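For the sequence shown, the UniProt record's numbering assigns the number 1 to the initial residue and increments by one for each residue that follows.
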Amino acid sequence: MNTIDPIIRFEHVSKKRGNQIILDDVTFAVEKNTLTVIQGFSGIGKTTILSLISGFERIDAGNLYVNHLLVDSHESYIQPNKRHVAMQFQGLALWPHVSALEHILFVMRNPSIDGALDVARRVGFPAKKLYTYPGELSGGERQRLALARTIATPCEIILFDEPFNNLDAHLYQRVTDLIEELSHTKTVIVVTHDVTSNKTVLTPQSRYQLVNCRFVLVDQS
């Protein structure tokens, strides 16, 4: 078993999709119980980074450590369900034939109605909609349900892919506050296409942009 500190680390990682280079010999680390934001315009590979961490895609070269374990390299690979990583997908990935309540209960360590209600309240999901299905929800409600399912998991690492889509100004601030709160006890990574600091109100420990297939630290002063 390979151990490493910090909790997530890319060591000379490269990734291509077809002829497009996503990451080029990248070394990058995330400390435990911090909030990291990765910014960049659409189509440059931000979601791919989350998919590599969660295990839904493989790296092409280098070593990737998650939860202090070597999870992907030329010689080894750990399946997504063994990485203890939760991810909110940009496409939400809701289950069409499962009620909102069941979405939340399914991922909880100790499922309970009261616990699910509390999670729903935290993200602003209406309790009266808990017995409805994704197809019966508005776009904003589906976004909140996906967020509720993500934060209900016991995973130590939580990845958010564009979590602010379809949110009005009030809920935008509410979700921002929730993500900040989560980072006090979990390791949180948020990717967003929003590169304007006046809109991205998160205050992470680290903020990066993906430029020329490399992580570039953004000056937050």
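Here a beta-carbon is modelled for each residue, glycine too, at the ideal position from N, C-alpha and C.
Note that the coordinates shown come from a computational prediction; the quantities given were computed from them, not determined experimentally.
Residue i vs residue j beta-carbon contact at 8 Å
i: I38; j: V191; result: yes
i: F41; j: V26; result: no
i: V98; j: I8; result: no
i: Q88; j: A146; result: yes
i: G139; j: L171; result: no
i: L159; j: L50; result: yes
i: G62; j: V13; result: yes
Residue burial classification, residue i (beta-carbon count within 10 angstroms, cutoff 16)
i: E75; result: exposed
i: D114; result: exposed
i: E162; result: buried
i: Q79; result: exposed
i: W165; result: One detail in the question is off: residue 165 reads as Asn in this sequence, not Trp. The residue in question, N165, is exposed, as its Cβ has fewer than 16 Cβ neighbours within 10 Å.
i: A116; result: buried
i: P96; result: exposed
i: K82; result: exposed
i: Q143; result: buried
i: H103; result: buried
Counterpart residues of residue i in DSSP-defined beta bridges
i: V13; result: V26
i: T34; result: BP columns for T34 are empty, so no partner.
i: I21; result: K16
i: I7; result: Looking at the DSSP assignment, I7 forms no beta bridge with any residue, so it has no partner.
Could you tell me which whole alpha helix (DSSP H) segments of length 4 or greater appear in the region 131-205? 139-151, 169-182
Fully enclosed by the region 39-126, which beta strand (DSSP E) runs are 3 residues long or longer? Complete beta strand (DSSP E) runs here, min 3: 61-66, 69-72, 85-88.
Touch test, the region 48-64 against the region 115-130, Cβ-Cβ under 8 Å, three pairs minimum: Contact fails: fewer than three Cβ-Cβ distances are below 8 Å.
Segment contact, 8 Å Cβ cut-off, at least three pairs: the region 96-110 with the region 143-159: With the cut-off at 8 Å, the region 96-110 and the region 143-159 touch.
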